[in-house]
């Protein structure tokens, strides 16, 4: 049950991140062609790209963190895993969750501050709280996804990803 819900939310976030990136790419391409080819750019492109960037980044962080698929540097990992493997894994997870909670808190604080100020964006005159609130809500999804993955896998996050499991089966790596 959990795995099915996890993968459904993960897939929605993947599609959201990919769609945001694709629209951002097309909008920028069309804006550049319009600006240099026809001397007319799309009104508000920078703000649209800013909104799409928030959606792309915070959707991506959510499923990347829960699947433990982010970039890592393993300088001392072999040494640490021989001596204190469980401590190292749980310390990394604790720091990750702690930072995620802090980021989410700060995003909500920023959104509520912008909401109280009533400020608008300079070009499109949208409420400025939209960006941090979007990031905060996506961060909540990511945090719930991460915590659920930690609990479900008992701290072995890479085991949730069906893509990773298929790759490990093909290569014989665990």
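Residue numbers (the working numbering): 7 to 180.
C-beta atoms are modelled at their ideal positions from N, C-alpha and C, and glycine is treated no differently.
What you are looking at is a predicted structure, and each value in this text was computed from that prediction instead of being measured.
Among the options, which one has its Cα closest to the Cα of residue i?
i, options, result
"residue 52", "154, 139, 147, 38", "38"
"residue 148", "56, 46, 74", "74"
"residue 71", "160, 158, 151", "151"
"residue 128", "69, 50, 157", "50"
"residue 19", "93, 90, 67", "67"
"residue 130", "17, 45, 24, 56", "56"
"residue 100", "160, 9, 21", "160"
"residue 98", "111, 134, 80", "80"
"residue 143", "31, 106, 24", "106"
"residue 102", "89, 86, 156", "156"
Along the alpha helix (DSSP H) that carries residue i, what are the first and last residues, could you check?
i, result
"residue 156", "136–159"
"residue 81", "Unbroken run through residue 81: none, as it is neither H nor E."
"residue 69", "51–72"
Please look up how many angstroms separate the CB atoms of residue i and residue j, rounded, as I've assumed it's under 8 angstroms.
i, j, result
"residue 64", "residue 154", "Residue 64 to residue 154, Cβ: 17 angstroms. No contact."
"residue 145", "residue 113", "6 angstroms"
"residue 40", "residue 48", "6 angstroms"
"residue 27", "residue 54", "Going by Cβ atoms, the distance from residue 27 to residue 54 rounds to 13 angstroms, so no, they are not a contact pair."
"residue 134", "residue 115", "The Cβ separation is near 14 angstroms, so there is no contact."
In the DSSP assignment, what are the bridge partners of residue i?
i, result
"residue 91", "DSSP lists no partner for residue 91."
"residue 133", "126"
* Asked: Quick check: the region 136–152 against the region 53–61, are there 3 or more CB pairs under 8 angstroms?
  -> The region 136–152, when compared against the region 53–61, does touch it at the 8 angstroms Cβ threshold.
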